[in-house]
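Heads up: the structure comes next, in structure tokens.
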Amino acid sequence: MDKIVIEGGRRLEGTVRINGAKNAALPIMAACLLLNGPSRIKRIPNIDDIHTLSKILENLGGKINRHDDGMLEITFTDGENQDRFVAPYELVSKMRASICVLGPLLTKRQKAKVSYPGGCVIGQRPVDLHIKGIRALGAQVETTEGYITASADRLKGTELSLKGEHGTTVLGTCNVMSAAVLADGTTVIEDAAREPEVQDLAHFLNKAGAKISGIGGNTLTIEGVKELHGVDYEIIPDRIEAGTFIIAGAITKGNITLENVRAEHLTSVIDKLREIGVEISIIGNSIIVKSSNIYHPVDIATMPYPGMPTDMQAQFMALLCTVEGKSIITEMIFPDRFMHAAELRRMGADIRVEGSCAVIKGSPFLSGTNVQVSDLRAGAGLVLAGLVARGTTNVHRIYHLDRGYERLEERLSKLGAVIKRMNE
Ligand code: EPZ
12 MDKIVIEGGR RLEGTVRING AKNAALPIMA ACLLLNGPSR IKRIPNIDDI
62 HTLSKILENL GGKINRHDDG MLEITFTDGE NQDRFVAPYE LVSKMRASIC
112 VLGPLLTKRQ KAKVSYPGGC VIGQRPVDLH IKGIRALGAQ VETTEGYITA
162 SADRLKGTEL SLKGEHGTTV LGTCNVMSAA VLADGTTVIE DAAREPEVQD
212 LAHFLNKAGA KISGIGGNTL TIEGVKELHG VDYEIIPDRI EAGTFIIAGA
262 ITKGNITLEN VRAEHLTSVI DKLREIGVEI SIIGNSIIVK SSNIYHPVDI
312 ATMPYPGMPT DMQAQFMALL CTVEGKSIIT EMIFPDRFMH AAELRRMGAD
362 IRVEGSCAVI KGSPFLSGTN VQVSDLRAGA GLVLAGLVAR GTTNVHRIYH
412 LDRGYERLEE RLSKLGAVIK RMNE
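Residue numbers (our numbering): 12 to 435.
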């Protein structure tokens with residue numbers, strides 16, 4: 012197992028290029044199950060979650076070739092492999108996003124058997140809304156022996172809502188939208204997720220011949236079509252990776268430029284960082300981060316898009332631990348997503364977690380120590396804290412980080428961080 016070792020205290024400077032978005036790439040790759048013929052999808056990050064989904068798709072009969080420039084060529088052919096409809100526990104348990112094959116498999120192969128992804132360290136992660144959505148489209152669904160098994164001859168368009176206790180569902184919207192594109196008639200999804208990654212999937216499907224309107228709003232209207240064809244497509248830049256690098260610049264009081272960014276996807280993140288005192292300029296597809304100001308504590312509440320992403324919460328927590336004064340973070344999407352707080356406390360941070368709130372009393376000094384990564388974004392937060400901590404930080408269990416960030420330590424090192432990967 013590898014760990015990341017960081018000597019804190021270096022100011023970051025230089026330029027980093029942001030990759031394609033993991034959370035757009037995953038549902039788009041799964042949606043290739045719906046298409047007849049090859050698709051070439053550009054800017055797919057070279058990370059473990061993509062490798063896991065590639066294996067699931069190959070298991071389902073897909074042919075996948077990765078090119079050196081990050082392009083994935085994915086081919087499914089109509090009429091072939093109709094009898095393959097299982098996404099097994101061994102692969103699904105590695106990554107919750109594997110659930111996004113459910114909708115495409117069901118509508119294309121009339122049957123889907125997908126291992127139940129279960130809860131995980133960021134809290135309860137039910138799939139009731141996914142099931143509600145595909146049931147509304149006419150599927151028979153059973154959940155037995157740890158699997159969701161769904162079947163239907165041809166799904167039928169309908170009206171449904173995806174509103175749950177914590178708002179809508181991102182992957183649930185992807186699943187139901189992907190199932191509805193080949194359904195008979197028109198489907199209206201109310202309370203749909205508006206995240207840029209959901210929009211990217213909708214644009215991809217439309218390029219392949221689907222008829223989806225209302226993209227970017229809470230109501231999606233999907234007119235069923237008979238078939239979809241392979242396409243060439245470029246994934247949107249990863250707004251969470253971008254946000255993570257912006258905070259890397261900010262926390263080290265550095266001066267960095269991010270290339271290949273869609274700043275309009277980061278409005279809530281940029282607004283909050285400016286409130287803290289970070290100087291951010293946007294020039295075309297680049298963002299420049301400068302941070303000579305004194306920072307101020309802030310309150311943050313995570314929300315569905317266009318609100319503050321829950322996937323940026325741990326990174327903001329790391330930053331706020333270094334900002335003098337009291338900041339409060341309220342987690343509205345995953346109320347228990349605070350595993351990183353205990354690790355940041357080991358570095359000297361003063362954080363009190365009460366229910367879905369974390370109260371942070373910031374101070375300029377964190378100290379390096381051994382910390383463990385519990386999930387992908389928690390890991391990002393710990394690495395950021397390590398960049399400014401006094402002394403050496405050893406970040407263990409970095410396989411979580413490798414699921415979602417491509418060569419994070421190499422890219423931070425190019426910006427001047429003293430950081431390396433070592434075998435434990
Ligand atoms: C996606 O997960 C992302 N994953 C997550 O990013 C992200 O944190 C999350 O959306 C919220 O933005 C991918 O896109 C691969 P949800 P998803 O369904 O779709 C509740 C990362 O680090 N809910 O939108 O699984 C749920 O418990 C990952 O890249 C139900 O109640 O999240 C939560 O409170 C981590 N019933 C809320 O909805 C359901 O059937 C939002 O979850 C489904 C969800």
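Quick reminder that beta carbons are idealized off the backbone N, C-alpha and C, glycines included.
Note that this is a predicted model, so its numbers are computed, not measured.
* Please name the residue in Lys301, Ala194, Lys174 and Ala274 whose C-alpha comes closest to that of Ile344. => Start at 1 with the first residue of the sequence shown, and residue 344 comes out as number 333. Among Lys301, Ala194, Lys174 and Ala274, the Cα nearest to that of Ile344 belongs to Lys174.
* Asked: Tell me which same chain residues have a C-beta within less than 6 Å of the C-beta of Ile226, skipping the five on either side of it?
  -> Numbered from 1 along the sequence shown, position 215 holds the residue referred to as residue 226. Closer than 6 Å at the Cβ level, and outside the excluded window around Ile226, lie Gln210 and Ala213.
* Which residues mark the beginning and the end of the beta strand (DSSP E) in which Gly373 is found? -> If you number the sequence shown from 1, residue 373 lands on position 362. Boundaries of the beta strand (DSSP E) harbouring Gly373: Cys368 to Gly373, taken from the DSSP string.
* To do: Out of Asp249, Leu231 and Asn405, state which residue places its alpha-carbon closest to the alpha-carbon of Ile58.
  => Start at 1 with the first residue of the sequence shown, and residue 58 comes out as number 47. Ranking the options by Cα distance to Ile58, first place goes to Asp249.
* Asked: Which residues mark the beginning and the end of the alpha helix (DSSP H) in which Leu330 is found?
  -> Here residue 330 refers to the residue found at position 319 when the sequence shown is read from its first residue. Taken as a continuous stretch (DSSP letters only), the alpha helix (DSSP H) holding Leu330 covers Gln324 to Cys332.
* Asked: Cα-Cα, which of Lys431, Tyr244, Gly390 and Asn405 is closest to Val132?
  -> Along the sequence shown, one-based indexing puts residue 132 at 121. It is Gly390 whose Cα lies nearest to the Cα of Val132.
* Any heavy atom of the ligand EPZ closer than 7 Å to the CB of Ala108? -> The sequence position of residue 108 within the sequence shown is 97, counting from 1. Correct: Ala108 has its Cβ closer than 7 Å to the ligand EPZ.
* Looking only at its own chain, which residues have a Cβ that is under 6 Å from the Cβ of Gln441, when we skip the five neighbours before and after it? -> Any answer about residue 441 is impossible in this case: the structure gives the chain only from 12 up to 435.
* Kindly examine the ligand EPZ and report whether one of its heavy atoms sits closer than 7 Å to the Cβ of Leu68. => On the sequence shown, position 57 is the one that residue 68 refers to. No, the beta carbon of Leu68 sits no closer than 7 Å to any heavy atom of the ligand EPZ.
* Use the C-beta contact count for Arg348: other C-beta atoms within 10 angstroms, 16 or more gives buried, fewer gives exposed. => As a position in the sequence shown, residue 348 is number 337, starting the count at 1. Under this definition Arg348 is a buried residue.
* Residues near Ser50 in its chain [Cβ-Cβ closer than 8 Å; skip 5 each side] -> For the purposes of this step, residue 50 is identified with residue 39 of the sequence shown, where counting begins at 1. Cys43, Glu84, Ile85, Thr86, Ala219, Gly241, Val242, Asp243 and Tyr244.
* To do: Tell me whether Asn57 counts as near the ligand EPZ, meaning its Cβ is closer than 7 Å to at least one heavy atom of that ligand.
  => As a first step, residue 57 must be located in the sequence shown, where it is residue number 46. Checking the Cβ of Asn57 against the ligand EPZ gives no.
* To do: Pick out the complete beta strand (DSSP E) segments inside the stretch 260 to 318, 3 residues or longer, and give them in chain order.
  => 266 to 270, 290 to 294, 297 to 301 and 310 to 312
* Asked: By how many angstroms is the C-alpha of Met82 removed from the C-alpha of Gly73?
  -> Residue 73 sits at position 62 when you count from the first residue of the sequence shown. Residue 82 sits at position 71 when you count from the first residue of the sequence shown. One C-alpha to the other measures close to 16 Å.
* Asked: Is it true that the stretch 195 to 207 meets the stretch 111 to 127, where meeting means three or more beta-carbon pairs spaced less than 8 Å apart?
  -> no
* Reduced DSSP category for Glu151 - H, G, I as helix; E, B as strand; rest coil -> In the sequence shown, counting from the first residue as 1, residue 151 sits at position 140. The question names Glu, but residue 151 is Gln in the sequence shown. Gln151: strand per DSSP, three-state reduction.
* Curious, which full-length beta strand (DSSP E) runs of at least 3 residues does the stretch 44 to 111 contain? -> 46 to 53, 74 to 77 and 83 to 87
* Could you pull out every residue in the same chain whose Cβ sits closer than 7 Å to the Cβ of Leu37, ignoring the five residues on either side in sequence? => Along the sequence shown, one-based indexing puts residue 37 at 26. Excluding positions up to five away in sequence, the list reads Asp60, Leu64, Ala108 and Cys111.
* **Sub-8 Å separation of Leu171 and Ala147 beta-carbons** => For the purposes of this step, residue 171 is taken as the residue at position 160 of the sequence shown. For the purposes of this step, residue 147 is taken as the residue at position 136 of the sequence shown. It is a contact, given that the beta carbons lie within the stated cut-off.
* What's the call for Asp361, buried or exposed, on a 16-neighbour Cβ count within 10 Å? -> Residue numbering aside, residue 361 sits at position 350 when the sequence shown is read from its first letter. It counts as exposed.
* Asked: Rounded to the nearest angstrom, how far is the Cβ of Tyr306 from that of Val334, given a contact under 8 Å?
  -> Sequence index remark: in the sequence shown, residue 306 carries index 295 (1-based). Sequence index remark: in the sequence shown, residue 334 carries index 323 (1-based). 4 Å between Cβ atoms; contact.
* For the stretch 258 to 275 against the stretch 12 to 22, are there 3 or more C-beta pairs whose distance is under 8 Å? -> yes
* **the stretch 133 to 147 in contact with the stretch 185 to 195 per 3-pair CB rule at 8 Å** => yes
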